[in-house]
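Protein chains in written order, with the working numbering: chain S, 74 to 342; chain B, 74 to 342. By construction, the Cβ of each residue, glycine as well, lies at the ideal position given by its N, Cα and C atoms. Inspection log for the structure reproduced underneath, given as structure tokens.
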């Protein structure tokens, strides 16, 4: 996500500098034309940049904000791409006076992570959540909106807890469902391997998310645990409602429930 | 599915004749070049054809087999495209001696039904389940295999109850999950409509099946009820296992479970 964003921003600002732990990452980003320059000196993020954007897992962002935060200079816009916002925004509150924090989360991405998968076009037409803090200045808010629009995204300003509640439903719950569905297939395959031979495009679409990076996803789930579990409870209730209509062979009730859902889904697409 | 199959078979046999209730369906199929001829006289299916393939909902196939079955002539291959097989094969058992029944279910399709959506190419590269009966002759089995291969599908011979158990896991359960996920989104949208604004491609993929035809899907679910409910119980157990690991913030256990699933899914694709 960071490499993709660097590539999308390059040419739209004076210079895009990549900061990464591994020199290979910087080399690849330079070769692919994603950055103007780069360094493996993580601490340099605090030195002289107008905008700093953290594109690492949620808990790594929180650690870095605590580690490097005190060294940021007033006026610097400190942003991130973390998939959950409550913990990050809480850490941003501890930044020195005058530093301008704002949370960010683009609602796009790929199953494949790493600089090799970077694609500057992924932000085009994509919702980009921004979670400003009370302390964030109007100038910093405007700059963040311009940044999102410059890469083709459309900004959506939300409070961090509201963001986390919504993504639990539309993103984290679907991931866990995809995983549980693959596990159900594995269970069936244990007694009959033919299950994989007849799995068609529908099953494939329904399980695509389960191929996501496990370290990244467990970081996301553990930093949004309560909302994810709450969304699961709602989902389980909805599923049990459908299962109950099926158990009682209530065709009229089943068709009414399925039709309501179908109308909603057709309207969305 | 019937129009698609007719189009795929046309030119590979002497003549493909479409039989439908509505004259408009026949007209459209003729205009689109899917059939050589057609009729709205349903009873004509019993008269002089070498192969008859029923492409209507499961319970309609069962009704038609009982209604027209006694009039079929010995040697006629009677096949179907129904999505569940146990009820259909049971009805096929009642066909007159010498009639050659075989169940069929191509593991492909579209969310959109009807002759307007017909696409003869959908069978290419697709698994096509065949469920011969004990009474089905070797010649009829061979003819059905040739039929499937002639349209680019690969035949998969299964017992009807085994077919129904497998599709419950890879097809019917995913449909109900997609529906319950949309219903969960509707529940969230009732208190915060922004949920639809941040739903991205992952949510879209995970709910695509919920746009399927409701009449067709309820017919399928009700003719495979016990297997669908059994698959749901397995799925619920798998989901609860993941939820429990999350509840207890057991990151090691969570990552192990998610990695096992991810490895399986990556290998499938």
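- Three or more Cβ pairs drawn from the segment 170-185 of chain S and the segment 270-280 of chain B lie within less than 8 Å of each other, which places the two stretches in contact.
- In the three-state DSSP reduction, residue 303/B falls in the helix class (H, G or I).
- Contact of residue 215/S with chain B is not assigned, every C-beta pair being separated by 7 Å or more.
- Annotation: residue 310/S to residue 251/B spans about 14 Å, alpha carbon to alpha carbon.
- Taking C-beta atoms as the reference points, residue 171/B and residue 143/B fail to come closer than 7 Å.
- With fewer than 16 other beta carbons inside 10 angstroms of its own, residue 136/S counts as exposed.
- Excluding five sequence positions before and after residue 76/S, the CB atoms of its chain that fall closer than 6 Å to its own CB belong to 102, 107, 188, 191, given in chain order.
- Residue 102/S: member of the alpha helix (DSSP H) spanning 96-104, first to last residue.
- Residue environment analysis places residue 283/B among the buried positions, since at least 16 neighbouring C-beta atoms fall within 10 angstroms of its C-beta.
- With respect to the 7 Å criterion, residue 79/S and residue 92/S are not classified as neighbours on the basis of their beta carbons.
- It is roughly 14 Å from the alpha-carbon of residue 317/B to the alpha-carbon of residue 297/S.
- Interface annotation for the segment 246-262 of chain S against chain B: 246, 247, 248, 249, 250, 251, 252, 253, 254, 255, 256, 257, 258, 259, 260, 261, criterion Cβ-Cβ distance under 8 Å.
- Positions of the alpha helix (DSSP H) runs, each at least 4 residues long and wholly inside the segment 197-268 of chain B, are given as 211-223, 233-240, 246-264 in order along the chain.
- Between the alpha carbons of residue 294/B and residue 243/B lies a distance of about 13 Å.
- Interface annotation, residue 305/S: in contact with chain B, CB-CB separation under 7 Å.
- Under the DSSP assignment, residue 153/S falls in the beta strand (DSSP E) whose first and last residues are 150-153.
- Linking residue 131/B to residue 262/B through their CA atoms gives a straight-line distance of about 35 Å.
- Shown here for residue 292/S: same chain residues with a beta carbon closer than 7 Å to its own, the five before and five after excluded, namely 130, 131, 132 in chain order.
- With respect to the C-alpha of residue 289/B, the residue from 321/S, 328/S, 306/S having the closest C-alpha is 328/S.
- Using a CB distance cut-off of 7 Å, residue 135/B does not count as an interface residue toward chain S.
- Of all residues in the segment 185-209 of chain B, only 199, 200, 202 place a beta-carbon less than 8 Å from a beta-carbon of chain S.
- For residue 331/B, the C-beta contacts it makes with chain S under 7 Å involve 252, 287, 290, 291, in order along the chain.
- Proximity of residue 151/B to chain S, defined by a Cβ-Cβ separation below 7 Å, is not satisfied.
- In summary, residue 299/B is exposed, with fewer than 16 beta-carbon neighbours lying within 10 Å of its beta-carbon over all protein chains present.
- Interface residue (Cβ-Cβ distance to chain B less than 7 Å): residue 162/S is not classified as such.
- Taken through DSSP and simplified to helix, strand or coil, residue 171/S comes out as coil.
- A residue is called buried once 16 or more other Cβ atoms fall within 10 Å of its Cβ, and residue 198/S, having fewer, is exposed.
- The straight-line gap separating the alpha-carbon atoms of residue 322/B and residue 302/S is approximately 12 Å.
- For residue 129/B, the closest Cβ of chain S is not nearer than 7 Å.
- Around the beta carbon of residue 266/B, fewer than 16 other beta carbons lie within 10 angstroms, which makes this residue exposed.
- Scanning 206/S, 128/S, 94/S for the CA closest to the CA of residue 174/S turns up 206/S.
- In terms of Cβ geometry, residue 256/B and residue 230/S do not form a close pair [threshold 7 Å].
- Shown here for residue 319/S: same chain residues with a beta carbon closer than 7 Å to its own, the five before and five after excluded, namely 327 in chain order.
- Residue pairing of residue 179/S in beta bridges, as defined by DSSP: 201/S.
- Looking from the CA of residue 212/B, the closest CA among 200/B, 124/B, 278/B belongs to 124/B.
- Using beta-carbon distances, residue 218/S does not count as an interface residue toward chain B, since no partner is under 7 Å.
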